[in-house]
Amino acid sequence: MKKFLILLIILFSALPGVCAPGTTATYVIDPVKNAFEHNNLGIIYMEEKCYYAAIQEFKMAISLNPKTQATAVYFNNLGKVYLAIGYPELALDCFQNAVTQYNLNFEFYKNLVDCYEKLGQTTSKLEFYKKNDSNPFDKIMLGLLYAKTGNTKKAIIVLDEFVMLEPNLMITPAIKQYIQQLVDELL
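Everything in the sequence shown is counted per my numbering, starting at 25 for the first residue and increasing by one.
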């Protein structure tokens with residue numbers, strides 16, 4: 025009787041695995057989704073001024089989802105944290121990576137120019153972008169650097185040239201809005 029009872033218990037314990045194949049719960053690890061969640065955690069930490077935790081979260085997001093448009097946002101957020109804690113050298117690399125990953129976000133360019141200003145490189149970068157016009161997006165940097173150095177009229181002219189040359193890009197409305205802000209400052 026004991027043997028029969030033990031055999032019956034073993035049979036019933038193995039029965040759910042045998043009777044219902046394919047019902048085992050599986051969890052798929054999605055690095056893109058996890059990167060998005062780490063970025064959101066980094067933003068929360070940044071708002072709470074827990075900068076070290078924010079830096080770690082943004083770095084995890086970048087490592088989980090490299091070389092995409094979303095990665096540019098993660099780099100930009102990481103650069104903002106580095107600027108907030110006073111490390112513009114580290115922020116510079118982040119902002120340059122953000123612009124390289126996705127060059128149609130005007131905020132990335134503005135943050136890069138702000139970083140140049142904190143590093144005291146606005147004049148040298150202005151001269152660099154005056155000479156370098158192989159990339160049409162260099163006009164954005166040139167215009168922002170003119171505005172940062174106080175030459176608002178020249179900034180408006182350069183940015184307006186870019187808007188006329190590239191009217192259908194996603195970045196163009198943001199540049200138009202910035203030009204309008206510059207014009208309002210002049211008046």
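For every residue, glycine included, the Cβ atom is placed at its ideal position computed from N, Cα and C.
Rounded straight-line distance, which links the Cα of residue j to that of residue i
i: T76; j: Q145; result: The identity of residue 76 in the sequence shown is Tyr, whereas the question assumes Thr. Cα to Cα, the separation comes out at about 27 Å.
i: Y133; j: V123; result: 7 Å
i: I79; j: S87; result: 12 Å
i: L143; j: E113; result: 7 Å
i: I195; j: K178; result: 20 Å
i: C118; j: N101; result: 8 Å
i: V105; j: Y202; result: 24 Å
i: L211; j: G174; result: 15 Å
i: K73; j: K200; result: 33 Å
i: Y111; j: I180; result: 30 Å
i: F60; j: D54; result: 10 Å
i: T50; j: S158; result: 51 Å
i: E151; j: C139; result: 16 Å
i: Q204; j: P191; result: 16 Å
i: I34; j: K27; result: 11 Å
Other residues of its chain near residue i: CB distance less than 8 Å, five sequence neighbours each side excluded
i: Q125; result: K91, T92, Q93, T95, A96, F99
i: M165; result: Y133, L136, V137, K149, Y153
i: E209; result: T176
i: M70; result: A78, N101, K104, V105, A108
C-beta contact flag for residue i and residue j at 7 Å
i: F82; j: N127; result: no
i: N89; j: V52; result: no
i: A85; j: N121; result: no
i: F186; j: K163; result: yes
i: L183; j: G167; result: yes
Local Cβ density within 10 Å of residue i, reported as buried at 16 or more and exposed below that
i: V207; result: exposed
i: A115; result: buried
i: L169; result: buried
i: L189; result: exposed
i: M25; result: exposed
Same chain, Cβ closer than 6 Å to residue i, five either side skipped, listed in chain order
i: K172; result: V137, E141, T146
i: N58; result: L88
Proximal residues to residue i (C-beta, below 7 Å), its chain only, five neighbours per side dropped
i: L65; result: E81
i: I67; result: N101
i: A198; result: F130
i: N156; result: D162
Proximity test, residue i beta-carbon vs the ligand MN heavy atom, cut-off 6 Å
i: I33; result: The ligand content of the structure shown is nil, which means the ligand MN is not present either.
Practice item. Just list the alpha helix (DSSP H) runs in the region 121-149, keeping only unbroken ones of 4 residues or longer that don't cross its boundaries, in chain order. Key: 130-143
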